[in-house]
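Chemist:
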Amino acid sequence: MDYPMYSMPHFEGDKIPRLAVVGIRDNSQQIDIRPEEIGGGYWYFQVFAGAATRADENVIRDMVRMYETRHNVRLAALRVENRPLLWKGAQVKAAPIEILRTYPLSAAQHNSTSP
Amino acid sequence: MTRRRARVILLVCAVVWILFSTLVAPRIVQSAYDGRSHEILNRMISGRTAHPVEFYLKRWSIVSWTALAVAMAALLPLVLFTPSQLSKIWRRYWFRPAPVVYLALLRIIAVGAQLIMLLMEDGYSLRQLAGLASLPDSMYKPLPALQLFLLPFGLDARPSFALLTVIYWITAVAGIGALLGCKSRFSLLIFAAGNTFLQAFAYSFGDLHHREALMIITLWLLALSPAGGVLSLDSYLARRNSSRRRPLQRKSILAAWPILLVQNLFGLVYLDAALRKLYAGGANWVNGYTLQYYIYSDASRRGSQFGLWLAQQHAAACVLSWITILWEGTFFLVLIFPRLVWVYIPVGIGLHAGMSLAGVASFPQFMALYAAFIPLLWNYGGRSLAIKCGFLRGSLATGMQVTDRVVQQPVS
Numbered sequence: 008m009d010y011p012m013y014s015m016p017h018f019e020g021d022k023i024p025r026l027a028v029v030g031i032r033d034n035s036q037q038i039d040i041r042p043e044e045i046g047g048g049y050w051y052f053q054v055f056a057g058a059a060t061r062a063d064e065n066v067i068r069d070m071v072r073m074y075e076t077r078h079n080v081r082l083a084a085l086r087v088e089n090r091p092l093l094w095k096g097a098q099v100k101a102a103p104i105e106i107l108r109t110y111p112l113s114a115a116q117h118n119s120t121s122p
Numbered sequence: 412m413t414r415r416r417a418r419v420i421l422l423v424c425a426v427v428w429i430l431f432s433t434l435v436a437p438r439i440v441q442s443a444y445d446g447r448s449h450e451i452l453n454r455m456i457s458g459r460t461a462h463p464v465e466f467y468l469k470r471w472s473i474v475s476w477t478a479l480a481v482a483m484a485a486l487l488p489l490v491l492f493t494p495s496q497l498s499k500i501w502r503r504y505w506f507r508p509a510p511v512v513y514l515a516l517l518r519i520i521a522v523g524a525q526l527i528m529l530l531m532e533d534g535y536s537l538r539q540l541a542g543l544a545s546l547p548d549s550m551y552k553p554l555p556a557l558q559l560f561l562l563p564f565g566l567d568a569r570p571s572f573a574l575l576t577v578i579y580w581i582t583a584v585a586g587i588g589a590l591l592g593c594k595s596r597f598s599l600l601i602f603a604a605g606n607t608f609l610q611a612f613a614y615s616f617g618d619l620h621h622r623e624a625l626m627i628i629t630l631w632l633l634a635l636s637p638a639g640g641v642l643s644l645d646s647y648l649a650r651r652n653s654s655r656r657r658p659l660q661r662k663s664i665l666a667a668w669p670i671l672l673v674q675n676l677f678g679l680v681y682l683d684a685a686l687r688k689l690y691a692g693g694a695n696w697v698n699g700y701t702l703q704y705y706i707y708s709d710a711s712r713r714g715s716q717f718g719l720w721l722a723q724q725h726a727a728a729c730v731l732s733w734i735t736i737l738w739e740g741t742f743f744l745v746l747i748f749p750r751l752v753w754v755y756i757p758v759g760i761g762l763h764a765g766m767s768l769a770g771v772a773s774f775p776q777f778m779a780l781y782a783a784f785i786p787l788l789w790n791y792g793g794r795s796l797a798i799k800c801g802f803l804r805g806s807l808a809t810g811m812q813v814t815d816r817v818v819q820q821p822v823s
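Quick note, the sequences are listed as chains U and V, same order.
Per the numbering used here, the first sequence runs over residues 8 to 122.
Per the numbering used here, the second sequence runs over residues 412 to 823.
This is the structure we're talking about:
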């Protein structure tokens, strides 16, 4: 098994990636889907964010259905963002947000019982 | 064929392999990357668009040197020793008579630590299992270990939360039994199997880590050993009706191998960690920024104030990087020079505890499994220290007189 924990070297000025998944409602309202709202927590949120970036249709469909049922909302799209931190000297600053993927949700990907 | 001839042949093969892998193979990799080699070789290079040719050359270099190291490790003993000598060395190393008490201590500390984590740490709690059970089927990719448990129900069978709850509590009860040494072998087997099942389930959703691996392996080793032979309810009940006394002096030829195996696994795990860092980053890994980056990244996520402070100390990060890489890369020396255990184990505890405080990945299992080094700590300094401090008089629990010269064996 290849498990490169902490093995990659880094340098001053490197960005620390932070993945975020934004749910977009029909009325354009944007909701951050937080790691604690995904079963299992942070690491499983990373798996979900990775699946959304790869446009893994099955995982996105199931997770959206689960989220919509739990929060009683309907999502029109998902957007995966990287909100990196810029590491410079002893200071850390927020770097510009990078949009990795916007994934429109078709009707079939929704929970039919959600509003 | 004489062994001398076999040695010469092995040496020639090794030299030829080194020449081939450093002078000829890189050209083949280059031409396969360019699509100019044999069709089979060309097809072996996938993902040309994602990686430059250097990526494949580096991979080849690792594969070829690893193959050489494994082949030499397997074949050298065969050409250096006769089968009867090898068998003797094998038995003398793994199956020397050793006090069962060390194994019992490892059982108590390892099982106790795992049980505490199972019952008290959020990451292993029923709540966490409930969260995982709620994840969709599309994320579920069962690990082979889990498939093995669920084989009668099909390769893709998924346990329900109700089943997970039952297994969780059975595992906890078995853990208490294993800790107390009540029906030790059975309790240890159920505890090992239960933990394997639960952990394999947790890692069947695309997320995989390694901090539990050594603990789970150790639990299985304990289950296959006489770890409940002393310091257990079983031994107490057996002794009640027996004339045998001084059970702590009991020795067994099956008491050393699990401890030695855990010690060797530690050496391998840490060496692998150091080599991977050096392979991926070389000298850049100890530039200080690498460690600062990882500490900040993890500390900010976990909210560790100490970690955030430490991430800003460049000089400290440089020193800690060097200590980490040297300590990991040379930990195996403890197996060769046992007195070094007094340096490596305290440094290890310091590093793991520091990582936990800084919010970087914590390895409480590893710290508990350092109990496998108790025999070394005791026999190579601990005993003398105990006598000097006046804690010991007369004979020891291991049956050796305190005035005895320490036997130069890691576990006896």
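Don't be surprised by glycine CBs; every beta carbon is placed ideally from N, CA and C.
Predicted model, so just to flag it, every value in this text is computed and none were measured.
State yes or no: is the C-beta of I628 (chain V) nearer than 8 Å to some heavy atom of the ligand COA?
Modeler: Summarising the ligand content, the structure contains no ligands, and the ligand COA is consequently not present.
Chemist: Who are the Cβ neighbours of A480 (chain V) in its own chain at under 7 Å, not counting the five residues just before and after it?
Modeler: Cβ neighbours of A480 (chain V) beyond the five flanking positions: none.
Chemist: For M811 (chain V), which residues in the same chain have their Cβ closer than 6 Å to its Cβ, ignoring the five residues on either side in sequence?
Modeler: Reliability fails at M811 (chain V), whose pLDDT of 40 lies under 50, so the model's placement of it is uncertain and the value that follows must be treated cautiously. Excluding positions up to five away in sequence, the list is empty.
Chemist: Among residues of its own chain, excluding the 5 on either side of M455 (chain V), which ones have a beta-carbon nearer than 8 Å to its beta-carbon?
Modeler: Only A443 meet the Cβ criterion.
Chemist: Which residues share a DSSP beta bridge with S663 (chain V)?
Modeler: According to DSSP, S663 (chain V) bridges with V:A509.
Chemist: Quick one: which chain U residues come within Cβ less than 7 Å of A691 (chain V)?
Modeler: In chain order: P11, S14, M15 and P16.
Chemist: Excluding the five sequence neighbours on either side, which residues of its own chain have a C-beta within less than 7 Å of the C-beta of G692 (chain V), listed in chain order?
Modeler: Here the set comprises T701.
Chemist: Provide the residue span of the beta strand (DSSP E) that contains I31 (chain U), from first to last.
Modeler: Element bounds for I31 (chain U): L26 to R32.
Chemist: Tell me where the beta strand (DSSP E) around V99 (chain U) begins and ends.
Modeler: Per DSSP, V99 (chain U) belongs to the beta strand (DSSP E) from Q98 to A101.
Chemist: Based on the DSSP secondary-structure assignment, which residues constitute the bridge partners of D709 (chain V)?
Modeler: Answer by DSSP bridge pairing: none, since D709 (chain V) is not bridged.
Chemist: Looking only at DSSP bridge pairs, what is N89 (chain U) linked to?
Modeler: U:L26 and U:E105, per the DSSP bridge assignment.
Chemist: So, is the C-beta of W50 (chain U) closer than 9 Å to a C-beta in chain V?
Modeler: Answer yes: the Cβ-Cβ gap between W50 (chain U) and chain V drops below 9 Å somewhere.
Chemist: Please classify M8 (chain U): is it buried, with 16 or more other beta-carbons within 10 angstroms of its beta-carbon, or exposed?
Modeler: In this prediction, M8 (chain U) scores a pLDDT of 47, lower than 50, which makes its location untrustworthy; the coordinate-derived value is nonetheless stated afterwards. Counting Cβ neighbours within 10 Å, M8 (chain U) comes out exposed, since fewer than 16 surround it.
Chemist: Tell me, to the nearest whole angstrom, how far the beta carbon of L526 (chain V) is from that of G586 (chain V); I am working on the premise that it is less than 8 Å.
Modeler: Confirmed, about 4 Å.
Chemist: In whole angstroms, what is the alpha-carbon distance linking I670 (chain V) and S498 (chain V)?
Modeler: Using only the alpha carbons, I get a separation of about 20 Å.
Chemist: Against T607 (chain V), what residues of chain U qualify as contacts under a CB-to-CB distance less than 9 Å, listed in chain order?
Modeler: By Cβ distance, chain U contributes nothing, its closest Cβ being about 16 Å from T607 (chain V), past 9 Å.
Chemist: Relative to the C-alpha of I519 (chain V), which candidate in V:A684, V:V771, V:G759 and V:T629 has its C-alpha closest?
Modeler: Nearest option by C-alpha distance: V:T629.
Chemist: According to DSSP, is P111 (chain U) part of a helix, a strand, or is it coil?
Modeler: Looking at P111 (chain U) - three-state DSSP - the assignment turns out to be strand.
Chemist: Please identify, using Cβ separations under 7 Å, the residues of the stretch 717-737 of chain V that lie next to chain U, in order along the chain.
Modeler: From the stretch 717-737 of chain V, only Q723 have a Cβ closer than 7 Å to chain U.
Chemist: Any C-beta of chain V within less than 7 Å: which residues of the stretch 63-85 of chain U qualify?
Modeler: Hits within the stretch, in order: N65, V66, D69, M70 and M73.
Chemist: Could you tell me which chain V residues have their CB closer than 7 Å to the CB of E88 (chain U), listed as they occur along the chain?
Modeler: Those do not exist, as E88 (chain U) stays about 16 Å from chain V at its closest Cβ, beyond 7 Å.
Chemist: When the Cα atoms are used, what is the spatial distance from A515 (chain V) to A728 (chain V)?
Modeler: About 39 Å.
Chemist: Please return the same chain residues whose Cβ sits closer than 7 Å to the Cβ of A685 (chain V), not counting the five positions on each side in sequence.
Modeler: Answer for A685 (chain V): I736, E739 and G740, listed in chain order.
Chemist: Classify D39 (chain U) as helix, strand or coil using the three-state DSSP reduction.
Modeler: Reduced to three states, the DSSP call for D39 (chain U) is strand.
Chemist: Given that S475 (chain V) touches chain U, what residues does it touch there, using C-beta distances under 8 Å?
Modeler: Within 8 Å Cβ-Cβ: nothing; S475 (chain V) doesn't reach chain U, min ~17 Å.
Chemist: Put L82 (chain U) into one of helix, strand or coil per three-state DSSP.
Modeler: Three-state result, L82 (chain U): strand.
Chemist: Could you have a look at K799 (chain V) and say whether DSSP puts it in helix, strand or coil?
Modeler: Correct three-state label for K799 (chain V): helix.
Chemist: Going by DSSP, which residues form a beta bridge with K95 (chain U)?
Modeler: Paired residues: U:Q98.
Chemist: Who are the near neighbours of C593 (chain V) in its chain, counting only those whose CB is closer than 6 Å to its CB and skipping five residues on each side?
Modeler: L644.
Chemist: Would you grab the beta carbon distance between F612 (chain V) and L543 (chain V) for me? Rounded to a whole angstrom, and I think it's under 8 Å.
Modeler: That pair is a contact at about 7 Å.
Chemist: Could you check the C-alpha separation between G20 (chain U) and R794 (chain V) for me, to the nearest Å?
Modeler: Each residue's Cα considered, the two are about 51 Å apart.
Chemist: Whose C-alpha, out of V:W696, V:I756 and V:V752, is nearest the C-alpha of L731 (chain V)?
Modeler: Nearest option by C-alpha distance: V:W696.
Chemist: Quick one: does I45 (chain U) have its CB under 9 Å from some CB of chain V?
Modeler: Closer than 9 Å: yes.
Chemist: Starting from G678 (chain V), follow the alpha helix (DSSP H) in both directions and report where the run begins and ends.
Modeler: Counting along the chain, the alpha helix (DSSP H) containing G678 (chain V) begins and ends at W668 to G692.
Chemist: Mind checking V426 (chain V): buried by the 16 CB within 10 Å criterion, or exposed?
Modeler: With fewer than 16 other Cβ atoms within 10 Å, it is exposed.
Chemist: Measure the alpha-carbon distance for V435 (chain V) versus G523 (chain V) and round it to whole angstroms.
Modeler: Each residue's alpha carbon lies about 54 Å from the other.
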